[in-house]
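The structure appears right after this line, and notes come after that.
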Amino acid sequence: MSITLNRATIGLLLDGAVSCPSDFRAEIARDPAFWEGGELWGFPCPAGGSALRATTGEGGICHGAGAEWGTWAVEESGLVFTADDSGVKYDAQGVEIVSEARGEWVDCGALEYGRVAAKVDDDRVRISYTATDPEYGDEDHLIREAVESKLGLWLKTPSGHHWSAAEGDGEIVQTVARLEHQPTHEVDHGGITLRVCLIDGSAYARVELEFDEGADWTVNDDGEWLFQGQRVGGTVRAL
């Protein structure tokens, strides 16, 4: 949902009649005129995401906690937000834009028993897993999923026999290859976001490619996206 900010909608936001993050509401209240002509929109994320942009490009992004402030700009890939404090970039749907610079480690988050990081090296990805529990570890497919979610790539699952000890305490590393096919589109249907690879009119999820299953999503000759042959609501974004 997208809202154009004018006197009426700003009044509704400040009165609480239209929901938005408290950080956004407080900032708009400081100078309502500055935000006139701007835009407020939501995007899917577990805690509910929102983005705010003024006509000057200044604005913020919120993934459900406190807002990050920075600048929106139109780049080759589309509308991009750059956070002032961290320098992290996000697209208009709140997805972090990860650099594929060779040798740059990317934090892929914490799992139940350890923390995951990765770096892209041409057509391979080096994965680092640091255990936070000395007795337990996370399953290899969960580690892979954490990396795929962060980098937006599809990878082969690490092998439990091929981990190597690294310099960090409790850290192990393994290099894995990318899958032959990579996600080309992101489908948002019924609040569920799914990355798919479009091949000859069929859009395969990762698990469908891995197990050689038929694709639930297809694209007809008119460019319509169909789920199990039926027209359904939702949005499709090219990656």
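Per the working numbering, the sequence shown starts with residue 16, numbered consecutively.
Here a beta-carbon is modelled for each residue, glycine too, at the ideal position from N, C-alpha and C.
*How do the segment 228-240 and the segment 212-219 stand: do at least 3 beta-carbon pairs fall below 8 Å, yes or no?*
yes
*Sequence-distant residues of its chain with Cβ nearer than 8 Å to residue 116 (five each side left out)*: Since pLDDT at residue 116 reaches only 48, below the 50 mark, its modelled position is unreliable, and the value read off the structure follows with that caveat. Excluding residues within five positions, the ones whose Cβ falls inside 8 Å are 135.
*For residue 21 and residue 51, believed in contact at Cβ under 8 Å, the rounded distance*: 6 Å
_Residue span of the beta strand (DSSP E) that contains residue 106, given as start and end_ = For residue 106, the enclosing beta strand (DSSP E) begins and ends at 104-106.
*Should residue 173 and residue 159 be called a contact, given that it needs their Cβ atoms to be closer than 8 Å?*
yes
*Along the alpha helix (DSSP H) that carries residue 210, what are the first and last residues, could you check?*
Segment 207-214 is the beta strand (DSSP E) holding residue 210; no alpha helix (DSSP H) there.
*For the beta strand (DSSP E) containing residue 76, list its first residue and its last residue.*
Looking at the DSSP string, the run of the beta strand (DSSP E) that includes residue 76 is 73-77.
_At the level of alpha carbons, what is the spacing between residue 68 and residue 90?_
15 Å
*CB contact below 8 Å: residue 120 versus chain D*: Looking for chain D here will not work: only one protein chain is present.
*Can you tell me whether residue 96 is buried or exposed, with buried defined as 16 or more other CB within 10 angstroms of its CB?*
Result: buried.
*asked:* Whole angstroms are fine: how far does the CA of residue 133 sit from the CA of residue 141?
replied: For residue 141 and residue 133, the distance between alpha carbons rounds to 5 Å.
*Count the other C-beta atoms from every protein chain shown that fall within 10 angstroms of the C-beta of residue 144, then say buried if there are 16 or more, exposed otherwise.*
By the 10 Å Cβ count, residue 144 comes out buried.
*asked:* Here's the rule I'm using: 16 or more other beta-carbon atoms within 10 Å means buried, otherwise exposed. How should residue 226 be labelled?
replied: exposed
*Beta-carbon contacts of residue 253 that lie in its chain and below 6 Å, excluding the five residues immediately before and after*: 200
_Which residue marks the beginning of the beta strand (DSSP E) containing residue 18, and which one marks its end?_
Residue 18 -> beta strand (DSSP E) spans 17-19.
*Cβ of residue 155 within 8 Å of Cβ of residue 175?*
Yes.
_Sub-8 Å separation of residue 202 and residue 167 beta-carbons_ = No, they are not a contact pair.
*Measure the CB-CB distance between residue 107 and residue 83 and report whether it falls below 8 Å.*
no
*Apart from the five residues on each side of it in sequence, which residues of its chain come closer than 7 Å, Cβ to Cβ, to residue 138?*
192, 193
_Looking only at its chain, what residues have a beta carbon closer than 8 Å to the beta carbon of residue 211, apart from the 5 residues adjacent to it on each side?_
198, 199, 200, 201, 202, 218, 219, 220, 230, 232
*Put residue 170 into one of helix, strand or coil per three-state DSSP.*
In the structure shown, residue 170 sits in a strand (DSSP, three-state: E or B).
*For the alpha helix (DSSP H) that residue 58 lies in, which residues bound it at each end?*
Run containing residue 58: none in the alpha helix (DSSP H); it sits in the beta strand (DSSP E), 54-58.
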